[in-house]
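Numbering of the sequence shown is given in our numbering, commencing with residue 627 and proceeding in unit increments.
In this text, a Cβ means the ideal position worked out from N, Cα and C, and glycines have one as well.
All of these numbers come straight from a predicted model, not from anything done at the bench.
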Amino acid sequence: MWGTPVPERNAEAAGREPSPRRAPMAVSATLAVNEEVARRRRAGLDTVPLGFGEAGVPVHPLLSAELARWAGMAAYGPCEGVEELRVAAAGYWDRRGLATDPEQVVAGPGSKALLWALLGACGGAVALARPSWVSYAAQAALHGLPAHLVPTVPGQGGVPDPERLEVTAVRARRDGVPLGAVVLTLPDNPTGTLAEPGVVAAVCEVARAHDLLVVSDEIYRDLLHDESAAFTSPAELAPERVVLTTGPSKNLALGGWRLGVARFPATDEGRALRETVVAVGSEVWSAPAHPVQRAAALAFTEPPELRDRVRASARLHARVAEATADVFTAAGADVPRPQAGFYLYPDMTPLLGNLGITGDPAGITDTTVASTLLAGHGVATLPGSAFGDDPARLRLRIATSLLYGDDSQREQALRGDDPARLPWIAAHLDRLAEVLSGRPRA
Ligand SMILES: Cc1ncc(COP(=O)(O)O)c(C=O)c1O
C-alpha cells in the first residue's frame, strides 16, 4: 500500500523520455547560514548567531568515554545497526509507553538519512506541514516525489491541519498521484511548538481513511520545556501505520556524530518497509559508524547522569528561548511562546520600520527581512520560506542555541540558574533588542 508507484518516476516504463538531468540543488538553508556565520566570524564581523539549529551543549564525558572505548571497532557491522543499539532504542521507547521489539528498530547515520530512505521506500506523494523542517520537501524532491504543503492549525506547528489534509488527500488521488505518507514533527522545528493530542489524533484518522503512512519525527521529544506537558505520539494511536524517528542529535547535542534510529510498525507491511529501508541503507551508507552506535546505545539506556544532562539542556533551552522571545515581543513582533527545543517563529511584519525596510509592501519578502538583518545588522536568521512558508508572511526561524558560546561558556550556561543573564548571552540579546527596536548601536 505505501509503495504506490509514482507516474513521474516511471517515465521510462511509460515509454516517455526520462528527464536527462535533475535540477541543481542548493546546500540546505540551515547549513548554508552556518557557513555564512563562520565566514563573518573569520572576517572579524560581529554576528548574533540565530540561524543554525545545532543544540549548542557540550558532549557529556560519559559519552565521549564510551565512544573512545569502542574506537577499535572498525568493522562495518550489520546494516540495520548493532543489536546493543537496537535493544537500547527499544528500551527508550518502552519507557515512553511504546512497547518495542528490537526487530522493529533500524539505525542509520542520522535520522535525516533514515527519513530520506523512508520517503523513497514509501513512494507516493508526501504531505508536509507548512511550515516544516527544511529537509522533508528537499528529500521528497530528490526522490522525484511531489510534496504537498498543508497549513497547520494556528499554534499547532509540525502537524498539517487535519481538515486540509483530508482535502489534499482527495485532491492528490483525483490528480493521479495519491498521497503515500504524511510527516509530523513533534515537537516542531521551525515553530518550537507542540501540537495538541487532539490534532494528532485527527491526523491519524485521516491517515487511516486514506491508508497513509505516518512518519513521526520526534527528535525534539525530550526537550519539552515543561516536562509534564501532554505528549501523544501517533504511534500510540495508529501503531499499524506509524514510523517514528529520533536520535541523540538534539537531546544530547550529538548532531555531528551522525546517528539516528527509526521504529517501524510490528506488522507485515511495517516489516516490509523496514527491509526496504535497510536495503537502501546497505547501498548508500552500509552501516552507521560502529563506535558511535555504541555511544548511542549508552545514551538510549538513559543512565541518571545522561537523564540529568537532558533535563539541564531542556531547562537551558527553555530559559534562553523564553528570554529571546521576550526581546522580540518587547520590540512588537508577534511570537508564539516556545514549548520545546530552541526555536522561535516570530512574525516580523510590525518591525519593518524599525529595521529600515521601506517601499512597496508587495515587494517585501521574508528573505528581504532575513538579508537586511544579516547584512545590515549582523543578525543571522532564516526566512520562513526556507521551511516552505509563504514568503509574504514575513516570518523568521530563530534558533537560540548558538547563543550559549564556546565549550567552557556552554558548561557555565548549563549550570547557571539564569543563563540569559550570563554576560556573553546577555550581550547578544541586548544587541538584538537594539536592532529590533531600531535604536542606534550603544
Ligand atoms: C525536525 C528535525 N528532524 C531531523 C533532524 C535531523 O537530525 P539528525 O541529526 O538525526 O539527522 C533535524 C536536525 O536539524 C530536525 O530539526
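To which residues of the same chain is residue i closer than 7 Å at the C-beta, ignoring the five residues directly before and after it?
i: H1054; result: V674, L1029
i: A701; result: H916
i: A892; result: D727, Q730
i: A925; result: L689, P874, L878, L932
i: D1056; result: none
i: L676; result: V1005, A1006, T1007, I1024, A1025, T1026
i: V936; result: D848, N877, L878
i: R963; result: A951
i: N584; result: This structure cannot speak to residue 584, because the chain is shown only from 627 to 1068.
i: V659; result: G677, F678, A1006, L1008
i: A938; result: L1040
Smallest Cα separation from residue i: which of the options?
i: D973; options: T984, G985, A996; result: A996
i: Q765; options: A951, A743, V663; result: A743
i: R884; options: G1031, N660, A835, K738; result: K738
i: P860; options: S842, D852, E853, T1026; result: S842
i: H769; options: P786, R756, G781, C748; result: C748
i: I1024; options: A959, L1048, G989; result: A959
i: T817; options: A1012, L1000, A1018; result: A1012
i: E822; options: V803, Y846, T858; result: T858
i: E909; options: G989, L740, E710; result: L740
i: L771; options: V803, V760, G784; result: V803
i: V826; options: V713, D848, P788; result: P788
i: L693; options: E831, R920, L711, T994; result: R920
i: R712; options: L1022, T927, E866, D894; result: T927
i: C705; options: A913, R1047, L657, D934; result: A913
i: R867; options: Y846, E853, H851, D894; result: D894
i: T975; options: A988, Q965, A966; result: A988
Taking 8 Å as the limit between beta carbons, can you name the residues of its chain near residue i, skipping five residues before and five after?
i: P684; result: A879, D1033, R1036, E1037, L1040
i: L805; result: G750, A751, V752, A753, H774, T794, A795, A798, R799, H836, L838
i: V869; result: L744, L839, V840, V841, S842, A888, R889, F890, P891, G896, L899
i: G982; result: T998, G1002, G1064
i: S1027; result: G679, E680, A681, G682, V683, H943, V946, F968
i: A864; result: C830, A833, R834, V840
From residue i to residue j, what distance separates their C-alpha atoms?
i: A798; j: A855; result: 35 Å
i: L899; j: G824; result: 28 Å
i: A725; j: T872; result: 16 Å
i: A922; j: G979; result: 48 Å
i: A940; j: R722; result: 17 Å
i: R790; j: A828; result: 11 Å
i: R695; j: V779; result: 47 Å
i: A905; j: Y718; result: 25 Å
i: S758; j: G1014; result: 7 Å
i: V808; j: A833; result: 8 Å
i: A669; j: R756; result: 36 Å
i: Q782; j: R1019; result: 17 Å
i: L1000; j: D952; result: 20 Å
i: G882; j: G985; result: 42 Å
i: E634; j: T902; result: With a pLDDT of 45 at E634, under the threshold of 50, the modelled position of this residue cannot be trusted; read the value that follows with caution. Between E634 and T902, the C-alpha separation is close to 21 Å.
i: R647; j: G746; result: Confidence in R647 is poor, its pLDDT being 48 and thus under 50, which makes the residue's placement too unreliable to answer from.
i: G734; j: A716; result: 15 Å
i: A1052; j: P1045; result: 9 Å
i: R666; j: T993; result: 19 Å
i: D672; j: P1066; result: 15 Å
i: L850; j: D934; result: 14 Å
i: W911; j: A664; result: 28 Å
i: L1062; j: L977; result: 7 Å
i: P687; j: D852; result: 26 Å
i: E1060; j: R1021; result: 19 Å
Quick check on residue i: does DSSP put it in helix, strand or coil?
i: D952; result: helix
i: S859; result: coil
i: V918; result: helix
i: L999; result: helix
i: V803; result: coil
i: S854; result: coil
i: G734; result: strand
i: I1024; result: strand
i: R756; result: strand
i: L839; result: strand
i: V1005; result: strand
i: R647; result: Low confidence applies to R647: its pLDDT is 48, below 50, so where it sits in the model is not reliable enough to give any reading.
i: A751; result: strand
i: A623; result: Outside the displayed range of the chain (627 to 1068) lies residue 623, so it cannot be described from this structure.
i: A773; result: strand
Using beta carbons (cut-off 8 Å, strictly below), is residue i in contact with chain D?
i: V832; result: The question asks about chain D, but that chain is absent: this structure has only one protein chain.
Which residues in the same chain have their Cβ closer than 6 Å to the Cβ of residue i, if we skip the five residues on either side of it in sequence?
i: Y762; result: L754, V809
i: P786; result: A753, A755, V776
i: E844; result: L812, L870, T872
i: G703; result: A913, H916
Report task. Give, in chain order, every unbroken run of the beta strand (DSSP E) that is at least 3 residues long and sits entirely within the stretch 928-979. Result -> Considered as a whole, the stretch 928-979 harbours no complete run of any beta strand (DSSP E) with no fewer than 3 residues.
**Report entry** Length at least 4, wholly inside the stretch 862-915: the alpha helix (DSSP H) runs in chain order
**Finding:** Whole alpha helix (DSSP H) segments, 4+ residues: 874-877, 894-910.
Requested in this report: Enumerate, from N- to C-terminal direction, the unbroken alpha helix (DSSP H) stretches of 4 or more residues contained entirely within the stretch 654-706.
Outcome: Runs of the alpha helix (DSSP H) inside the stretch 654-706: 655-668, 687-695.
Query raised in the report: Taking only runs of the alpha helix (DSSP H) that begin and end inside the stretch 775-825, which ones reach a length of at least 4 residues, in chain order?
Result: Within the stretch 775-825, the complete alpha helix (DSSP H) runs of at least 4 residues are 788-800.
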